[in-house]
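Please read the structure below before turning to the comments.
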Amino acid sequence: MGEIWDSFYQTFIFEDRYLYFLEGIKFTLIIAFFSILLGLILGVFISIVRDFHKQTGKWFLLSKICDIYVYVIRGTPTLLQLMILYYVIFKTSTLSPIIVGILTFGINSGAYVAEIFRAGYDGIDKGQREASKTLGLNYLKTMRYIIFPQALAKIFPALGNEIITLVKETSIAGYVGIVELIKAADIISSRTYDYFFPLIIAAIVYLLLTFILSKVMKYGERKLNHVVSG
Amino acid sequence: MLYQVKKLVKKFGNTSVLKNINLEIEENEKIVIIGPSGSGKSTLLRCLNLLEKPTSGSIYYHGHRLDDKLYKSIQGKIGMVFQNYQLFDNLTVIDNLTLAPVLNKLMSKEEAISKARRYLRQIHLEDKENSYPMDLSGGQKQRVAIIRSLMMNPEVILFDEPTSALDPEMIGEVLSLILEVSREKITMIVVTHELNFAQEFATRVIFMDHGKIIEEGDKEQMFKHPRTNRLQQFLSNIQ
Ligand SMILES: Nc1ncnc2c1ncn2[C@@H]1O[C@H](COP(=O)(O)OP(=O)(O)OP(=O)(O)O)[C@@H](O)[C@H]1O
Ligand SMILES: [Mg+2]
Chain S
8 MGEIWDSFYQ
18 TFIFEDRYLY
28 FLEGIKFTLI
38 IAFFSILLGL
48 ILGVFISIVR
58 DFHKQTGKWF
68 LLSKICDIYV
78 YVIRGTPTLL
88 QLMILYYVIF
98 KTSTLSPIIV
108 GILTFGINSG
118 AYVAEIFRAG
128 YDGIDKGQRE
138 ASKTLGLNYL
148 KTMRYIIFPQ
158 ALAKIFPALG
168 NEIITLVKET
178 SIAGYVGIVE
188 LIKAADIISS
198 RTYDYFFPLI
208 IAAIVYLLLT
218 FILSKVMKYG
228 ERKLNHVVSG
Chain A
8 MLYQVKKLVK
18 KFGNTSVLKN
28 INLEIEENEK
38 IVIIGPSGSG
48 KSTLLRCLNL
58 LEKPTSGSIY
68 YHGHRLDDKL
78 YKSIQGKIGM
88 VFQNYQLFDN
98 LTVIDNLTLA
108 PVLNKLMSKE
118 EAISKARRYL
128 RQIHLEDKEN
138 SYPMDLSGGQ
148 KQRVAIIRSL
158 MMNPEVILFD
168 EPTSALDPEM
178 IGEVLSLILE
188 VSREKITMIV
198 VTHELNFAQE
208 FATRVIFMDH
218 GKIIEEGDKE
228 QMFKHPRTNR
238 LQQFLSNIQ
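Chains as they are written, first to last, in the working numbering: chain S, 8 to 237; chain A, 8 to 246.
Okay, here's the thing in structure tokens:
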């Protein structure tokens, strides 16, 4: 008992070390939140550019650029992308590492989100677009009122997976010196030579986070359910 | 003249699906197109509203060449009713009906809703206005699809086998709605295998086979005194 208490004391209380964890949790949440947001915005935008090209033949160049972006991002490890952004692209800039982290994970997620939405659009009976066209609705209106809502309902579970994957992936941000949760745990353990509590706490926080996210996604899924006609 | 189709050819890859179609359609005609499976009936219909791009030849609409630009400018005046309904799955019945006329600024939201309700009463589905398509029967879906096209005040409606996905007991309700609509001053072109319906509905019948119009005429001549072997054969096969 005394030993466990001692370990707990060393990990959290001595020198106010719990503050590291709170900092870590804060940065993990900030990075996760904003990169999810950025990923969704980028992903939806890219998926629509590519779909617009597919449907109308217009915007060839922009659509090709999007293809290349998706291909490159999906074909290289996230850690490598993070290091390239941090050590090469923003090497001389004064951008805070947090921002670089958000950019990396957002840009990374955008490619996956774009693919998920593409599968969503492609899964919708092309008759829905044809019906919309015969009613005089153009591409954007058809997308906004018919295709996108139906696709969103269908891909919601896949989107949830991507978001949870992304949240967990932010744990590599420590590599470029961002003190997010894992890095905080690492710093403490390297002082106490005791990995038990720091890692357990990190695990619990991640589990809690992903649990809450999956509940939120489940709720959204139920709300959208009437759309999926089976 | 509403439509003038000249030397229309449509190929998918190397196969010619429509081979030199010439056709003139006056306003307010009620046309039935018959023909065996794969003869190009759907493709012809789909060329008439640019769902398919003709490979060569031309289509004139009110004397103007029907291209993307013209199609855009007539906004929904060429309605279509599909074999599998194609109601918008994510929208309620009332939203299915009002979305396009409101977005196209044909009428205000309020006008659209009251017009939609009038139509819903006409087809006895006034209590379904907030239902989603998945909660309707096939016959109900198709009747809603028909009034959805009417909401746009169309000049012409193209029907591609509107009853062939339906259970037999629902075919009647859809055909009688089409007959009701045919009293309006709307040009209607219907691909169907329902000959009894055609007898009652058509002012002109067109028989297609292998991508060509083989024979056309009024229903009396087409059904009672077919001139070509192929039409005689076709009629005896489906009766
Ligand atoms: N998008 C397409 N790509 C390739 N071939 C096609 C396409 N659409 C139709 N076809 C072919 O064109 C021919 C004519 O098809 P179409 O659907 O117009 O016939 P149809 O008379 O409507 O037949 P059905 O009575 O079965 O509906 C068929 O051989 C069909 O396989
Ligand atoms: Mg057909």
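Glycine is no exception: its CB is placed at the ideal position from the N, C-alpha and C atoms.
8 Å Cβ cutoff, residue i in contact with chain A
{"i": "P205/S", "result": "no"}
{"i": "L220/S", "result": "no"}
{"i": "Y146/S", "result": "no"}
{"i": "Y27/S", "result": "no"}
{"i": "P156/S", "result": "yes"}
{"i": "E228/S", "result": "no"}
{"i": "A210/S", "result": "no"}
{"i": "G64/S", "result": "no"}
{"i": "L142/S", "result": "yes"}
{"i": "Q17/S", "result": "no"}
{"i": "K135/S", "result": "Here residue 135/S turns out to be Gln, not Lys, going by the sequence shown. Closer than 8 Å to some Cβ of chain A, the Cβ of Q135/S qualifies, so yes."}
{"i": "I153/S", "result": "yes"}
{"i": "A165/S", "result": "no"}
Residue i, buried or exposed, once every other Cβ within 10 Å from all chains shown has been counted against 16
{"i": "M215/A", "result": "buried"}
{"i": "G237/S", "result": "Any reading at G237/S must be qualified, since the residue scores a pLDDT of 42, below 50, and its modelled position is unreliable; the value itself is stated next. G237/S should be labelled exposed."}
{"i": "M195/A", "result": "buried"}
{"i": "E2/A", "result": "Here chain A comprises residues numbered 8 to 246, so residue 2/A is not present and cannot be evaluated."}
{"i": "M141/A", "result": "exposed"}
{"i": "A160/S", "result": "buried"}
{"i": "M159/A", "result": "buried"}
{"i": "L186/A", "result": "exposed"}
{"i": "N236/A", "result": "exposed"}
{"i": "M8/A", "result": "exposed"}
{"i": "S44/A", "result": "exposed"}
{"i": "K11/S", "result": "Note on identity: in this sequence residue 11/S is Ile, with Lys being the wrong assignment. Answer is exposed; the Cβ neighbour count stays below 16."}
{"i": "V95/S", "result": "exposed"}
{"i": "I48/S", "result": "exposed"}
{"i": "N103/A", "result": "buried"}
{"i": "Q149/A", "result": "buried"}
{"i": "Q135/S", "result": "buried"}
{"i": "K248/A", "result": "Chain A is shown only over 8 to 246; residue 248/A falls outside these bounds and no answer can be derived."}
{"i": "A210/S", "result": "exposed"}
Chain S contact for residue i (CB, 8 Å cutoff)
{"i": "Q93/A", "result": "yes"}
{"i": "A107/A", "result": "yes"}
{"i": "M229/A", "result": "no"}
{"i": "D216/A", "result": "no"}
{"i": "D96/A", "result": "yes"}
{"i": "L58/A", "result": "yes"}
{"i": "I258/A", "result": "The first residue shown for chain A is 8 and the last is 246, placing residue 258/A beyond what the model contains."}
{"i": "G20/A", "result": "no"}
Proximity to residue i [Cα-Cα], best of the options
{"i": "N115/S", "options": "Q17/S, G143/S and S42/S", "result": "S42/S"}
{"i": "P61/A", "options": "E168/A, M141/A, R237/A and G20/A", "result": "G20/A"}
{"i": "N168/S", "options": "V223/S, G82/S and F15/S", "result": "V223/S"}
{"i": "A118/S", "options": "I80/S, L26/S, Y93/S and E187/S", "result": "I80/S"}
{"i": "L216/S", "options": "L231/S, L87/S, Y128/S and T172/S", "result": "T172/S"}
{"i": "Y92/A", "options": "F40/S, T141/S and L45/S", "result": "T141/S"}
{"i": "I238/S", "options": "I32/S, L45/S, G130/S and V183/S", "result": "The requested residue 238/S is not part of the displayed model; chain S covers only 8 to 237."}
{"i": "Q82/A", "options": "L73/A, K192/A and Q90/A", "result": "L73/A"}
{"i": "Y4/A", "options": "L231/S, T99/S, D23/S and Q88/S", "result": "No information on residue 4/A is available, as it lies outside the stretch 8 to 246 that chain A covers here."}
{"i": "E34/A", "options": "Q11/A, Q129/A and G64/A", "result": "Q11/A"}
{"i": "G50/S", "options": "Y213/S, A121/S and T111/S", "result": "A121/S"}
{"i": "F40/S", "options": "P84/S, F112/S, Y27/S and T101/S", "result": "F112/S"}
Residue(s) in a DSSP beta bridge with residue i
{"i": "M215/A", "result": "I220/A"}
{"i": "T22/A", "result": "F19/A"}
{"i": "V12/A", "result": "L30/A and I66/A"}
{"i": "H71/A", "result": "Y68/A"}
Residue span of the alpha helix (DSSP H) that contains residue i, given as start and end
{"i": "G86/A", "result": "Here G86/A belongs to no alpha helix (DSSP H); instead the beta strand (DSSP E) covers I85 to V88."}
{"i": "V39/A", "result": "Segment K37 to I41 is the beta strand (DSSP E) holding V39/A; no alpha helix (DSSP H) there."}
{"i": "D23/S", "result": "Careful: D23/S lies outside any alpha helix (DSSP H) and carries neither H nor E."}
{"i": "N115/S", "result": "P104 to D129"}
{"i": "D193/S", "result": "L188 to T199"}
{"i": "T105/A", "result": "V100 to L110"}
{"i": "W66/S", "result": "Segment: none, W66/S is in no alpha helix (DSSP H) and carries neither H nor E."}
{"i": "V151/A", "result": "G145 to L157"}
{"i": "Y94/S", "result": "Careful: Y94/S lies outside any alpha helix (DSSP H) and carries neither H nor E."}
{"i": "R190/A", "result": "First-last for R190/A: undefined, no H or E at that position."}
{"i": "N236/A", "result": "N236 to I245"}
{"i": "D13/S", "result": "G9 to F15"}
{"i": "R263/S", "result": "Nothing can be reported for residue 263/S: it is not among the residues displayed for chain S, which extend from 8 to 237."}
{"i": "T217/S", "result": "F203 to L231"}
Range of the contiguous beta strand (DSSP E) that encloses residue i
{"i": "Y5/A", "result": "For chain A, the structure presents residues 8 to 246; residue 5/A sits outside this window and is missing."}
{"i": "F166/A", "result": "V163 to D167"}
{"i": "T194/A", "result": "T194 to V198"}
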